[in-house]
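Using numbering that gives the first Met the number 0, read the sequence shown as starting at 0 and increasing by one per residue. First the structure, in the form of structure tokens, and then the observations on it.
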Amino acid sequence: MLNSRIKAIIAVFFVVAIMGFNAPSKAERVQNLYTGAWPVQDQSSAARHQAIAESLLQALVRASGSRDVSRSPVIQSALANAEDYLRRYSYQRLSAAEQMIYEKPLLLKATFDRRSILELLKSASLPIWGEERPSGLFWIAYGDDTKRQVASEESQLINAGLMIATESRGLPVTLPMMDIDDQMALETSDVWGRVESSIDEASKRYARDYWVAGQLLETNSQWQGRWLVRMNGRTESFSTSGLTSYEAIQAAVHRVANSLASKLAVVLSEDAQEVLVSVENITDFATFARIQKHLNSLSMVRSASAIEVSKDTVLFKVESLTSPQNLIEAIKIGNNLQRSESGFGYDDRYGDGYGEGFDENNARKLRGDFHFVWGTP
């Protein structure tokens, strides 16, 4: 039986959770996830009908994380009746940079019913990727053999290409400001050469979940991209190409989105299974609230709540709609939780200050099915 000190800690934690403590989080909620966009030449009914169907397909790709959704007969049938899922649509005149990419003057934006989209994906046994997603930072050095520069929001064509590509996959990303701080932190050659240590240090001020560094080189009327991605403590390099800078960027975005979706987008079960997750090194209310908020934001989690506390460790009961392995992969992305394989059972940490209420079996249970340690990456 827990003593009064532990009960008090649990009570305080629950009060903070119930109050909805809004702790900072690097992961971002994707706005208008169930909206798609498609370029049109005019506002005719024929152009609108096709654009709404294409926008529905894009919304399904964004919500599922999969570019292969159209292979499903269920989805094909839905696309033929896209307006049945439509809530509203509007037209937007494109900027000069956007028109160079789309090769059309207007963009139709169509918003679809969230519940209908999710039910459609479930009925097709397709994965679902929630609205809370890891945020990214793209460092892109572009040019030719004579002139190179690092893209910022002022780089209209590169910025437009990146935003179009990432919005089509539902990825919250940004370009660096390239202000005096960025210019002092790293050289253009660091980004061009994808120097990991320099880019990693310069990225810290942006507090993003992952960063991508790219070299875009224009040669012989073609763009070659060489990329380095640092995500969850690991790096991966790959190459892309295209007739335009947008095509090379788009291929890189697809690669990143596919990697994230493979870990975070899952086919949900109707039945939830209980998974106990323990987290060590929780030393303040903000950390506790941030972890609980992250767990509840995952698309495969029906609910997550703290059920027990022992010193700096909290045991969470998670009702998961997917396999434990998929759940654990999702937990590791977008926060400072590190998976721990070491033993956590009874040791001296439980021997001080707990008096006669100490129970070795209870101490062991706090490890749960999976154990994590909170810490700065």
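All C-beta atoms in this analysis are idealised placements derived from N, C-alpha and C, irrespective of residue type, glycine included.
For Gly135, no alpha helix (DSSP H) encloses it; the enclosing beta strand (DSSP E) starts and ends at Gly135 to Gly142.
Residue burial annotation: Asn219 is exposed, with fewer than 16 other C-beta atoms found within 10 angstroms of its C-beta.
Taking 8 Å as the cut-off, the beta carbon of Ala184 is found closer than this to the beta carbon of Glu200. The C-alpha of Thr234 lies about 35 Å from the C-alpha of Lys310. Per DSSP, reduced to three states, the secondary structure at Pro175 is coil, with no helix or strand assignment. In the DSSP annotation of this structure, the continuous segment of the beta strand (DSSP E) that includes Thr239 starts and ends at Arg233 to Gly241. His48 is classed as exposed because its beta carbon has fewer than 16 other beta carbons within 10 Å across all chains shown. Within the model, the alpha-carbon separation for Asp178 versus Val190 is close to 15 Å. For Leu259, the enclosing alpha helix (DSSP H) stretches over residues Ser244 to Leu263.
Around Ser124, the same chain offers Val266 as residues with beta carbons nearer than 7 Å, after the five sequence neighbours per side are excluded. If you look at Tyr101, you'll find it in the alpha helix (DSSP H) that goes Ala95 to Tyr101. A straight line joining the alpha-carbon of Ser236 with that of Asp83 spans about 42 Å.
The criterion of a C-beta distance shorter than 8 Å is not satisfied by Glu53 and Ser134. Following the DSSP letters along the chain, one finds Ile281 in no beta strand (DSSP E), marked with neither H nor E. Excluding five sequence positions before and after Trp222, the CB atoms of its chain that fall closer than 8 Å to its own CB belong to Leu215, Leu216, Ser240, Gly241, Leu242, Thr243, Ser244, Glu246 and Ala247, given in chain order. Counting C-beta atoms within 10 angstroms of its own C-beta, Thr282 has fewer than 16 neighbours from the protein chains shown and is therefore classed as exposed. When the five nearest sequence neighbours on each side are left out, the beta carbons in the same chain lying within less than 7 Å of the beta carbon of Ala58 are those of Tyr33, Thr34, Gly35, Phe111 and Ile116, in order along the chain. Going by DSSP, Thr165 is part of the alpha helix (DSSP H) stretching over Gln155 to Arg168.
The straight-line gap separating the alpha-carbon atoms of Val276 and Phe371 is approximately 8 Å. Scanning its chain for C-beta atoms nearer than 8 Å, with the 5 sequence neighbours on each side dropped, one finds around Ser94 the residues Gln155 and Ala159, in chain order. Under DSSP, Val308 shares a beta bridge with Val313.
With 16 or more other Cβ atoms from the protein chains shown falling within 10 Å of its own Cβ, Lys292 counts as buried.
DSSP places Trp128 in the coil class of the three-state scheme, outside both helix and strand. Straight-line spacing of the CA atoms in Ser197 and Arg204 works out to 13 Å. With a 10 Å radius around the Cβ and a threshold of 16 neighbouring Cβ atoms, Gln249 comes out buried. Judged by DSSP secondary structure, Leu56 falls within the alpha helix (DSSP H) whose first and last residues are Ser44 to Ser63.
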